[in-house]
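Novice: What follows is a structure written as structure tokens; I'll ask about it next.
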């Protein structure tokens, strides 16, 4: 473990690549973690959504069904309340049963929705109660109808009895009244009253009185029975029974006073039947009581049913509460999860950003970018030849290695530059210091010839002339050497140069006799480049073409062409040409192909041209097919600096 | 006012070079008196009349080589410019060195001209003629 840690620490210290890969791995890891956290939350969110679908929404469905059921129940109740008349009872029952069947379906739907969450037994009980109450209500209603019929039949029967009773009394009353009237007339006519007659009159008068009282009792009786049972209470029924009983008893008492025994027996018979119709079981009062009890039962049943309706309402409310509660909880969970996701998203984004900033700042920027920038600046500085510039990057990693290597290069380059400068200085001084003794030798020989020619022998004069020639050659060699040594300090002044003008000038200078025809093809007018080096190159090539020509006259063609950033010149002569095997040699230092006694030359011209073109980023080539074909073509390139004003740093 | 020809003081360490200048003066048919010093020290002695040398009096012009033993051209210029009696001396540099540094340093010490010594005798005669004409046309310090 410790070993691995120290291994990793070493890797971190010694490898930029490792730092980069650690940084990118950290970022990838962080993003993956973020994805994982958010993913987990999304899965939980999906769970909550599923719960809404599987829990809350069915509950809400159920609540909706419940409210439908409630509405149906309430409408059933109303229906029963409003139309529960005897005549429409059968029709109503059919409607009710239809409604109830629908209600039943809804009810079973509800039960099947979620048996676990419902107190099914309780609910079933409430429902059964409701149905039973309604059923009982109907049964009662039917019973009531029957009872009312019975009561009506009985009351009709009683009324007919009472009517017969009244008829008999009326007949008796007519007889008795007639008797009384006739007896009173007799009484008036006879004037002298006979006791017996008077007694008879009194009997009949009392008879009329009794009959009248019986009649009034019968009327009272029939009045009591006729059509009054609709709104009677239990108490009223008892009071009615008492009054009827009293009336019957008083009638029976009155009957005993009736003289006509036949009529008395008949009336007593009727009274007995009346009493029987009223009080026997079953009889009028019995049915009346039954009807009353049934009515009260209906009220009780109605109350009972209303209670169950209210229970159903309570249940519906409970279910609704549960459903909305569950829905609310699910929604709350969903919104909490969404909030969580949002917060986690923000938090992780912040953390990732912080880590990225940290990684960017500490690793990528500090460890890599800044050092890389510094190193680049240092390398560029170094490339510009600023060897004194300090390499500012250090470390044990790859960048540190590069910096170390660069330091080594820098030292080597500085050393090389120093030695080059010394060499150049040496070459310059050597070439320069050669000059004065050479000049002196030449001068002295010349002066000797000038001053003493007449006193010298022919051989002496010839030797002195040879001495002057040889020292002139040495002088030219020295001059060329000096120029070559100075190429290290090429004049890189950029300027316009008119090619035709330049070629004409050179032609006049090199070939004043006009033996050589020098032409410029594709004259571009003025070009912009390193003007002095171009002149030196052209002059050297034209000089060579004339100097090495084997005939006294010839043609030299300078062809110009241009490609992006490059000026290309071809200098072609019709001289003897250069054999391929010599073509490399001609660019070497002090290399000539002919004896210097035949063609004066230092062997430095083409070396100088090569040095110039290569130092200025150009190139030079030679084409010749000697000895099969005459002529040599030199092609060289130099930077076209017309388009951009950038001065190359090469020099 | 007596006409006094301008004297030439040639300061050069190379005998052949001195001979060459003398020949050029002769070929140009100039009658100016010519003095020769082999280095800066000898030239100073001649101008100051030190060390038993006869002092050269005005009017004169100095032709000065740069590379010399003991005291070179630049050191000589420094000496005379700091000398209250000699600070105004007219000096032409006559040398084979065309180094930019030499040219710059010479003009900073107020030389009247920087002349390149070339091998061609013809051009040297031309330059000597120029010096003679110059010395006749301008008023030299007393």
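Residue numbers (the working numbering), protein chains in the order written: chain W, 67 to 717; chain F, 2 to 143. Heads up, the beta-carbon is just placed ideally off N, CA and C, and yes, glycines get one too. Predicted model, so just to flag it, every value in this text is computed and none were measured.
By DSSP, does residue 389 of chain W sit in helix, in strand, or in coil?
Specialist: Three-state result, residue 389 of chain W: helix.
Novice: Find the residues of chain F that neighbour residue 541 of chain W, judging by a C-beta separation of less than 8 Å, and give them in chain order.
Specialist: 120
Novice: So that I know if they touch, is there some Cβ in chain F lying closer than 8 Å to that of residue 510 of chain W?
Specialist: yes
Novice: Shortest alpha-carbon distance to residue 357 of chain W belongs to which of W:210, W:364 and W:215?
Specialist: W:210
Novice: Whose C-alpha, out of W:678, W:686 and W:248, is nearest the C-alpha of residue 602 of chain W?
Specialist: W:678
Novice: Can you check DSSP and say which residues form a bridge with residue 621 of chain W?
Specialist: In the DSSP output, where bridge partners are listed per residue, residue 621 of chain W has W:583.
Novice: Would a check of beta-carbon distances place residue 64 of chain F closer than 8 Å to chain W?
Specialist: Closer than 8 Å to the CB of residue 64 of chain F there is not a single CB belonging to chain W.
Novice: Shorter than 8 Å from the beta carbon of residue 71 of chain F to some beta carbon of chain W?
Specialist: no
Novice: Can a CB atom of chain F be found closer than 8 Å to the CB of residue 681 of chain W?
Specialist: no
Novice: Pull out every residue of the region 9 to 28 of chain F whose Cβ sits closer than 9 Å to any Cβ of chain W, in chain order.
Specialist: 15, 16, 17, 18, 20, 21 and 24
Novice: Taking the alpha-carbon of residue 278 of chain W as reference, which of W:349, W:186, W:559 and W:235 has the nearest alpha-carbon?
Specialist: The shortest Cα separation from residue 278 of chain W among W:349, W:186, W:559 and W:235 belongs to W:235.
Novice: Output the distance between the C-alpha atoms of residue 426 of chain W and residue 439 of chain W, rounded to the nearest integer angstrom.
Specialist: Pairing residue 426 of chain W with residue 439 of chain W, the inter-Cα distance amounts to about 15 Å.
Novice: Residue 58 of chain F versus chain W: which residues are under 7 Å apart at the beta carbon?
Specialist: By Cβ distance, chain W contributes nothing, its closest Cβ being about 32 Å from residue 58 of chain F, past 7 Å.
Novice: Specify whether the region 514 to 521 of chain W and the region 486 to 500 of chain W touch according to this definition: at least 3 beta carbon pairs, one from each stretch, less than 8 Å apart.
Specialist: Touching, no.
Novice: Residues of the region 466 to 492 of chain W with a CB closer than 8 Å to any CB of chain F: list them in chain order, please.
Specialist: none
Novice: In the DSSP assignment, the alpha helix (DSSP H) including residue 566 of chain W goes from what residue to what residue?
Specialist: 565 to 576
Novice: Below 8 Å on C-beta distance, what does residue 502 of chain W contact in chain F?
Specialist: Correct list: 15, 17, 18 and 97.
Novice: Grab the span of the beta strand (DSSP E) containing residue 123 of chain F for me, first residue to last.
Specialist: Residue 123 of chain F -> not in any beta strand (DSSP E); alpha helix (DSSP H) instead, spanning 122 to 138.
Novice: Which chain F residues sit within Cβ distance under 8 Å of residue 513 of chain W?
Specialist: 20 and 24
Novice: Using a C-beta cutoff of 8 Å, does residue 506 of chain W count as contacting chain F?
Specialist: yes
Novice: Which residues mark the beginning and the end of the alpha helix (DSSP H) in which residue 338 of chain W is found?
Specialist: 327 to 345
Novice: Looking at the structure shown, is residue 550 of chain W part of a helix, part of a strand, or coil, going by DSSP?
Specialist: Three-state DSSP puts residue 550 of chain W in a helix.
Novice: Classify residue 348 of chain W: buried if its beta carbon has 16 or more other beta carbons within 10 angstroms, exposed otherwise.
Specialist: exposed
Novice: Straight-line CA distance for residue 491 of chain W to residue 70 of chain W?
Specialist: Going by C-alpha positions, residue 491 of chain W is about 59 Å away from residue 70 of chain W.
Novice: Using the beta-carbon count (16 or more within 10 Å), is residue 95 of chain W buried or exposed?
Specialist: By the 10 Å Cβ count, residue 95 of chain W comes out exposed.
Novice: So what's residue 28 of chain F in DSSP terms, helix, strand or just coil?
Specialist: helix
Novice: Tell me the DSSP secondary structure of residue 8 of chain F in three-state form.
Specialist: strand
Novice: Under a CB-based cut-off of 8 Å, is residue 2 of chain F close to chain W?
Specialist: Its pLDDT being 43, under 50, residue 2 of chain F is placed unreliably in this model, and the coordinates cannot settle the point.
Novice: Since residue 688 of chain W and residue 700 of chain W should fall inside the 8 Å C-beta cutoff, what is the C-beta to C-beta distance between them, to a whole number of angstroms?
Specialist: 6 Å
Novice: Secondary structure at residue 58 of chain F, three-state DSSP: helix, strand or coil?
Specialist: coil
Novice: Beta-carbon of residue 575 of chain W versus every beta-carbon of chain F: anything under 8 Å?
Specialist: no
Novice: Is the beta carbon of residue 12 of chain F closer than 8 Å to that of residue 38 of chain F?
Specialist: In contact: residue 38 of chain F and residue 12 of chain F (Cβ atoms closer than 8 Å).
Novice: Note the first and the last residue of the continuous alpha helix (DSSP H) segment covering residue 685 of chain W.
Specialist: Note, residue 685 of chain W: premise wrong, no alpha helix (DSSP H); beta strand (DSSP E) at 685 to 690.
Novice: Quick check: the Cα distance between residue 208 of chain W and residue 355 of chain W, rounded to an integer number of angstroms?
Specialist: 16 Å
Novice: Once the 5 residues before and after residue 25 of chain F are set aside, which same chain residues still bring their CB inside 6 Å of it?
Specialist: Counting only Cβ-Cβ distances below 6 Å, and skipping sequence neighbours, we find 125, 126 and 129.
Novice: Note down, in chain order, each residue of its chain lying with its Cβ closer than 6 Å to the Cβ of residue 713 of chain W, except the 5 sequence neighbours on either side.
Specialist: Any reading at residue 713 of chain W must be qualified, since the residue scores a pLDDT of 43, below 50, and its modelled position is unreliable; the value itself is stated next. Counting only Cβ-Cβ distances below 6 Å, and skipping sequence neighbours, we find nothing.
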